[in-house]
Amino acid sequence: AQKITQTQPGMFVQEKEAVTLDCTYDTSDPSYGLFWYKQPSSGEMIFLIYQGSYDQQNATEGRYSLNFQKARKSANLVISASQLGDSAMYFCAMRGFISSGSARQLTFGSGTQLTVLP
Amino acid sequence: DTEVTQTPKHLVMGMTNKKSLKCEQHMGHRAMYWYKQKAKKPPELMFVYSYEKLSINESVPSRFSPECPNSSLLNLHLHALQPEDSALYLCASSLGTGGVQETQYFGPGTRLLVL
């Protein structure tokens, strides 16, 4: 079975500072993918960044980077230079096992509510 | 373009009503998903369509009925819902299997209130 754990229900960060959101995972599948999504209060789930289990380098997308430590089974999201618009719920997710065709399930963590303070 | 659209944005319905949620994508994605999300919780998978065929049904009550008329369109038909079905309903799509192609792109959701 797969499991994603986010241990920080809520986080606060000062505007322009960096923040790290924690995510640990457990899987017996040697090939897996990890995703981070942002969900503002409006409700839409916004894809931020992807890390494959065989990727040699940590993924980066603009101000977002993923600190991937395979041996520790962690995939922490780092947001640099926080902005007020970064205030949202953040979900870590893992690609599930093959179901059929082109479809894969996602296993989500419980989420971290980030608040950026002015 | 990574846009998934959903209509309506908001829906209020009585327990005897029949309504439908609509989801559309024009990215050539071959898999489409319905999720239900309660406040402050992660999304829960309801249904998955792969190549227009239902491939996953997560033991969802029969008052929810999915339909995939073509590769770009996904509907969720609602009938005789209960107040506990009130939630945000999210649609998502993904291109295929293998690495970043499995990324699911979500629509803005439909906020459903059942009275």
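Protein sequences appear in the order of chains A and B. Just so you know, the numbering used here puts 86 at position 82 of the first sequence, and the rest follows in order with no gaps. Just so you know, the numbering used here puts 68 at position 55 of the second sequence, and the rest follows in order with no gaps. C-beta: ideal position from N, C-alpha, C; glycine also.
- Between the stretch 64-82 of chain A and the stretch 21-32 of chain A, the count of C-beta pairs closer than 8 Å reaches three or more; the two stretches touch.
- Between residue 55 (chain A) and residue 79 (chain A), the gap from beta carbon to beta carbon is short of 8 Å.
- Of all residues in the stretch 94-120 of chain B, only 101, 103, 105, 107, 108, 109, 110, 112, 113, 115, 116, 117, 118, 119, 120 come within less than 8 Å of chain A when Cβ atoms are compared, listed by chain position.
- CA-to-CA, the gap between residue 30 (chain A) and residue 71 (chain A) works out to about 16 Å.
- The residues 35, in chain order, have a CB closer than 7 Å to that of residue 20 (chain B) in the same chain once the five nearest residues on each side in sequence are set aside.
- Close partners of residue 58 (chain B) in chain A (Cβ separation under 7 Å): 109.
- Rounded to the nearest whole angstrom, the CA to CA distance from residue 49 (chain B) to residue 116 (chain A) is 19 Å.
- With a threshold of 8 Å between beta carbons, residue 56 (chain A) makes contact with chain B.
- Uninterrupted beta strand (DSSP E) stretches at least 3 residues long and entirely within the stretch 51-99 of chain B occur at 57-63, 66-70, 77-83, 86-92, given in chain order.
- Contact note: residue 99 (chain A) reaches chain B through 115, using a C-beta cutoff of 7 Å and chain order.
- The CB of residue 112 (chain A) comes closer than 8 Å to the CB of 55, 56 in chain B, given here in chain order.
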